[in-house]
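Asker:
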Amino acid sequence: MLNRASTYLYQHPKLVLALLLGPPMIYMFVVYLGSLVALLINSFFYLEEFTGLVVRQFTLRTYLQLLSPTNLGIFGRTAGMAMAVTIADAIIAFPLAYYIARYASPKIKTFLYIAVTLPLWSSYLVRVYAWKLILAKEGIVSWFLTLVGLQPALDWLLSLPSIGGSSLSLSPMGMFIAFSYIWLPYMIVPIQTALERVPKSLLEASSDLGATAAQTFRTVILPLSFPGVVAGSIFTFSLTLGDFIVPQTLGNSRFFIGQAVYSYQGTAGNIPLAAAFTMGPVVIMIIYLLIARKLGAFDAL
Amino acid sequence: MRSKKSFSDKSPLGLTMAAIAALLFLHVPMWIIFLYSFTTDEATYSFPLPGLTTKWFGVALQRSDLWAALALSVRVASIATLAALILGTLAAAAVYRGNFFGRESISVLLVLPIALPGIVTGIALRSAIGSLDIPFSYWTIVIGHATFCVVVVYNNVLARFRRMSGSQIEASMDLGANSFQTFRYVILPNLGTALLAGGMLAFALSFDEVIVTTFTAGQQSTLPIWIFSQLVRPRDRPVTNVVATIVILITFLPIFFAQRISAENSDTEGGSK
C-alpha cells in the first residue's frame, strides 16, 4: 500500500510539489497577503467623526489627512531618525564586521559570531528596557558624566529643542542611542557576509600592483562590501520606521509613525487612518528594496 | 591600516579597539539589568545602587499575573513554532526539489513579514480580524506569530537541503526504499539539527514578540506585553527588573545552542531574521 502510494508519487512529481507547496502558500496567501489587502482596502475607507464608525465606502479623504502638517512632521521625523540610526549603525558595525571577517581566528570567529547574533534573537523589549535604566536621570550615564564633570555638556545638549528633552531617557537622543543599539546586529551580519566574500586574491593583486593598505581598503574592500551595508540598512531602516516601542518608552510627546498607527487604531478606533499611515513605510520600503536589489544587496543577505 | 605591509595578519590597533567597543556596546547594557534586579531601590533607577537584595525574585514568583502571562507566551510560542516547523519545511522542500514558476519569489514572500516593519504586519492582521469580525483569542495571536516564524525554519532547512548530497537519496531509492522510508531514514535525520535550530529560533522570536502581538491579542497579556506596559508606566520597577533578568536567562540557552548548531554547520541565515 505504502509502496504503491510511493510509486504513484514518484511518477507524479507535480503532485508532490503541489502537496509540499500547498500548505505554506495557502497560509501565506490567505493570512498574510490577505491581511495586507484588507489593510489596503481599509485605508480607502473613512471614519465618520460624529458616529465614530468606519464607513466602508471608497474615498481618498483618509489619505488627504496624511498631508496635514502634523502628519507630515511625523513622517519626516521618523524617516530622519531611521536615516541617522542607519548611518550610526554602519559606522559602528563596520570595524567589528571587518575584524571578524579578516582577522579573527576560526575559534574566535565562532565566538564573535554568536556574540553578535545572540542579541539579534533575544529579548528585544528587555534590551529597550536596559536603556531606560541606563539613561534615566538618576541612572548610570548621569552618574558617570557627573563623575568626569561633563554633566553641563549633557544639560546643554538636552536643552536643544529638536533633540533634547527633560532627561536622556525622554528625548530623541535617547531614542537614537537605543535604536542604534537594538538594530546593530542586523547591520553587522550582512557586512561581515559581504566582507567574507571578497576574494583574498583581489587583495593580493591590489597590493602587488603597488596599492597601499589604505588604497586597497578604499578602492577594493569598501566598494565590494557596500552591498552588505545596503543589505543591513534595509533592516535598520525598516525596523526603525515601524517601531513604536522605543518612541513610546524613551520618546517625548512628539509622535513617530509607529506610535501614530498604534494610537489611531487603539483609542481612536480609526483603523482607516492607521492603515493609510502604514502605507507610508510600505511605499518607502518597497522603493528602498528595489534600489537595494539594483545595488546587489540581496546577495549579501 | 596605514602600514605599508598590507598583508599583516595582525589587526591594526585602532580596528581592534573599535571592534571591542562595538562588542561591549552590544552586551554591557544587558549586564546592567542583572545588576539592577538586585537593587534595594524601589522607586527610581538610581545608580550607584543603594543596596543589594534578592527579595525581588521571591516577590516576582508570587505574582499570579506574571505566571499567567508567562504561560500564555509559552503556549503561543509552542504552537506557532510547530506551525512554522511544518510550513517552513514543506516550503523549503518544494523550493529545493522543484523548478517551478515563481520559485524565486517564495523567499521574498516568506521574508516579507519580517522585512516589512512589524507594525505593518500587525495593523494588517488587525484590520483583517476587524473586517471579518473575528473575536480576539489565543488563536489570533498564534496565527500572527506563525507568519513571521515560518521564514526562520525555512532558511535553516533550505540551507541544510542544499548541503545535503542528492546521492544519499538516490542510494536509498536504489536500495529499494520507498519515498516514505527515504524520508524517515535518510532525509529526516539529515534535517534533524536544522529543524532543532530553526525551531528554537522561531520559539525565541515568538516568545519575545510584542509589536504584532499588541495588535492581535485584544485584552490578553503575553509576557512581552506585560513588560511593555511596565515600560510605559513603571509601577513595579523591582519586579520588572527581575522579570527582564529571567527573560534573558530563559531565551539565552535555546538561542545559544541554536546558534552553536548553525555556526558549526556554517549554514546560518541569521541576517534575515
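Quick note, the sequences are listed as chains A and B, same order. In this text, residue positions in the first sequence follow my numbering: the first is 1, and each later residue adds one. In this text, residue positions in the second sequence follow my numbering: the first is 1001, and each later residue adds one. All residues carry an ideal CB built from backbone N, CA and C; glycine is no exception. Just so we're clear, the structure is a prediction, and the values are computed from it rather than from any experiment.
1. For residue 183(A), count neighbouring C-beta atoms within 10 Å of its own C-beta (all shown protein chains included) and say buried if the count is 16 or more, exposed if not.
2. Answer yes or no: does any C-beta atom of chain B fall closer than 7 Å to that of residue 8(A)?
3. What are the start and end residues of the beta strand (DSSP E) that includes residue 1210(B)?
4. Residue 132(A): buried (16+ other C-beta within 10 angstroms of its C-beta) or exposed?
5. Going along chain A in order, which residues have a C-beta closer than 7 Å to the C-beta of residue 1224(B)?
6. Listed in chain order, which residues of the stretch 133–152 of chain A have Cβ atoms closer than 7 Å to some Cβ of chain B?
7. Does residue 103(A) come out as helix, strand or coil in the three-state DSSP assignment?
8. Can you list the residues of chain B that residue 36(A) reaches, using a CB-CB cut of under 8 Å?
9. Determine whether the beta carbon atoms of residue 1059(B) and residue 1239(B) lie at a separation below 7 Å.
10. From what residue to what residue does the alpha helix (DSSP H) around residue 48(A) run?
11. Kindly list, in the order they appear in chain B, the residues whose Cβ is closer than 7 Å to that of residue 46(A).
12. Strictly under 7 Å for the Cβ-Cβ distance: is residue 1098(B) near chain A by that measure?
13. DSSP on residue 62(A), reduced to helix/strand/coil?
14. Over what stretch of residues does the alpha helix (DSSP H) that includes residue 202(A) continue unbroken?
15. Please list the segments of the alpha helix (DSSP H) lying wholly inside the stretch 183–265 of chain A, counting only runs of 4 or more residues, in order along the chain.
16. Residues of chain A with a CB under 9 Å from the CB of residue 1260(B): which are they?
17. Please state whether DSSP places residue 150(A) in a helix, a strand or coil.
18. Under 7 Å Cβ to Cβ from residue 55(A), same chain only, skipping five residues before and after it: list those, please.
19. Identify which residue in 84(A), 250(A), 245(A) has its Cα closest to the Cα of residue 1118(B).
20. Verify whether the separation of the beta carbon atoms of residue 1080(B) and residue 1146(B) is less than 7 Å.
21. Mind listing the chain A neighbours of residue 1217(B)? Cutoff is C-beta to C-beta under 8 Å, in chain order.
22. Relative to the C-alpha of residue 1046(B), which residue among 101(A), 186(A), 136(A) is closest?
23. Can you check the stretch 1113–1140 of chain B for any beta strand (DSSP E) of at least 3 residues that lies completely inside it and give the ranges in chain order?
24. By how many angstroms is the C-alpha of residue 274(A) removed from the C-alpha of residue 262(A)?
25. With distances taken from CA atoms, which of 1048(B), 1023(B), 1041(B) is nearest residue 144(A)?
26. Closer than 9 Å by beta-carbon distance: list the chain A residues that pair up with residue 1208(B), in chain order.
27. Pull out every residue of the stretch 70–92 of chain A whose Cβ sits closer than 8 Å to any Cβ of chain B, in chain order.
28. Is there at least one Cβ from chain A nearer than 7 Å to residue 1076(B)'s Cβ?
29. Starting from residue 3(A), find everything on chain B with Cβ-Cβ shorter than 8 Å and list it in chain order.
30. Spatial neighbours of residue 1244(B) within its chain, please: CB distance less than 6 Å, with the 5 preceding and 5 following residues excluded, ordered by chain position.
31. Taking a contact to mean a Cβ-Cβ separation below 7 Å, would you say residue 1072(B) touches residue 1222(B) in this structure?
32. Look up residue 1023(B) in the DSSP assignment and say whether it is helix, strand or coil.
33. Taking its Cβ as the centre, do 16 or more other Cβ atoms sit within 10 Å of residue 26(A), making it buried, or is it exposed?
34. Please work out which residues of its chain come closer than 7 Å, Cβ to Cβ, to residue 188(A), disregarding the five sequence neighbours upstream and downstream, and give them in chain order.
35. Mind listing the chain A neighbours of residue 1130(B)? Cutoff is C-beta to C-beta under 7 Å, in chain order.
36. Hey, is residue 259(A)'s beta-carbon within less than 7 Å of any beta-carbon in chain B?
Answerer: In short:
1. Stepping through the first sequence from its first residue, residue 183(A) is reached at position 183. Flag for residue 183(A) reads buried.
2. Taking the first sequence and counting its residues from 1, one reaches residue 8(A) at position 8. No, its Cβ sits nowhere closer than 7 Å to a Cβ of chain B.
3. Taking the first residue of the second sequence as position 1, residue 1210(B) is located at position 210. It is not in any beta strand (DSSP E) - residue 1210(B) carries neither H nor E in the DSSP assignment.
4. Translated into the one-based positions of the first sequence, residue 132(A) becomes position 132. So residue 132(A) counts as buried.
5. Looking up residue 1224(B) in the second sequence gives position 224. 125, listed in chain order.
6. 133, 134, 136, 138, 139, 140, 143
7. Stepping through the first sequence from its first residue, residue 103(A) is reached at position 103. Residue 103(A): coil per DSSP, three-state reduction.
8. As a working mapping, residue 36(A) is identified with position 36 in the first sequence. Here the neighbours are 1120, 1124.
9. Along the second sequence, one-based indexing puts residue 1059(B) at 59. Along the second sequence, one-based indexing puts residue 1239(B) at 239. Result yes, Cβ atoms of residue 1059(B) and residue 1239(B) sit closer than 7 Å.
10. Looking up residue 48(A) in the first sequence gives position 48. Premise fails: residue 48(A) lies in the beta strand (DSSP E), 46–48, not in any alpha helix (DSSP H).
11. Reading the first sequence from its first residue, position 46 is the one you call residue 46(A). In chain order: nothing, as chain B lies at least about 14 Å away.
12. The count along the second sequence starts at 1 and reaches residue 1098(B) at position 98. True, the Cβ-Cβ gap to chain A drops below 7 Å.
13. Against the first sequence, residue 62(A) aligns to sequence position 62. In the structure shown, residue 62(A) sits in a helix (DSSP, three-state: H, G or I).
14. Here residue 202(A) refers to the residue found at position 202 of the first sequence. Start and end: 200–208.
15. 200–208, 213–216, 222–242, 245–250, 257–265
16. In the second sequence, the residue the question calls residue 1260(B) occupies position 260. Near residue 1260(B) (Cβ distances below 9 Å), the residues of chain A are 110, 114.
17. Your numbering for residue 150(A) matches position 150 in the first sequence. Coil.
18. Here residue 55(A) refers to the residue found at position 55 of the first sequence. Cβ within range, chain order: 45, 46, 48.
19. As a position in the second sequence, residue 1118(B) is number 118, starting the count at 1. Nearest option by C-alpha distance: 245(A).
20. Translated into positions along the second sequence, residue 1080(B) becomes position 80. Translated into positions along the second sequence, residue 1146(B) becomes position 146. Yes. Within cutoff.
21. Here residue 1217(B) is taken as the residue at index 217 of the second sequence, counted from 1. The premise fails here: residue 1217(B) is roughly 12 Å from chain A at the closest Cβ pair, so nothing lies under 8 Å.
22. Looking up residue 1046(B) in the second sequence gives position 46. The shortest C-alpha separation from residue 1046(B) is found at 136(A).
23. none
24. Taking the first residue of the first sequence as position 1, residue 262(A) is located at position 262. Taking the first residue of the first sequence as position 1, residue 274(A) is located at position 274. Cα to Cα, the separation comes out at about 7 Å.
25. By 1-based counting over the first sequence, the position of residue 144(A) is 144. Closest by alpha carbon: 1048(B).
26. Position 208 of the second sequence, counting from 1, holds the residue named residue 1208(B). What residue 1208(B) touches in chain A: 121, 122, 123, 124, 125, 126.
27. 92
28. The residue you call residue 1076(B) lines up with position 76 of the second sequence. No, residue 1076(B) does not count as interfacial toward chain A.
29. One-based indexing of the first sequence puts residue 3(A) at position 3. 1178, listed in chain order.
30. The count along the second sequence starts at 1 and reaches residue 1244(B) at position 244. Correct list, in chain order: 1033.
31. One-based indexing of the second sequence puts residue 1072(B) at position 72. One-based indexing of the second sequence puts residue 1222(B) at position 222. Yes; because the gap between Cβ atoms is below 7 Å, this pair is in contact.
32. If you number the second sequence from 1, residue 1023(B) lands on position 23. Helix at residue 1023(B).
33. In the first sequence, residue 26(A) corresponds to position 26, counting from 1. It is exposed - the Cβ of residue 26(A) has fewer than 16 other Cβ atoms within 10 Å.
34. Translated into positions along the first sequence, residue 188(A) becomes position 188. Closer than 7 Å at Cβ, skipping near neighbours: 93, 96, 97, 116.
35. On the second sequence, position 130 is the one that residue 1130(B) refers to. Near residue 1130(B) (Cβ distances below 7 Å), the residues of chain A are 271.
36. Counted from its first residue, the first sequence places residue 259(A) at position 259. Chain B, which has no Cβ nearer than 7 Å to the Cβ of residue 259(A), makes this no.
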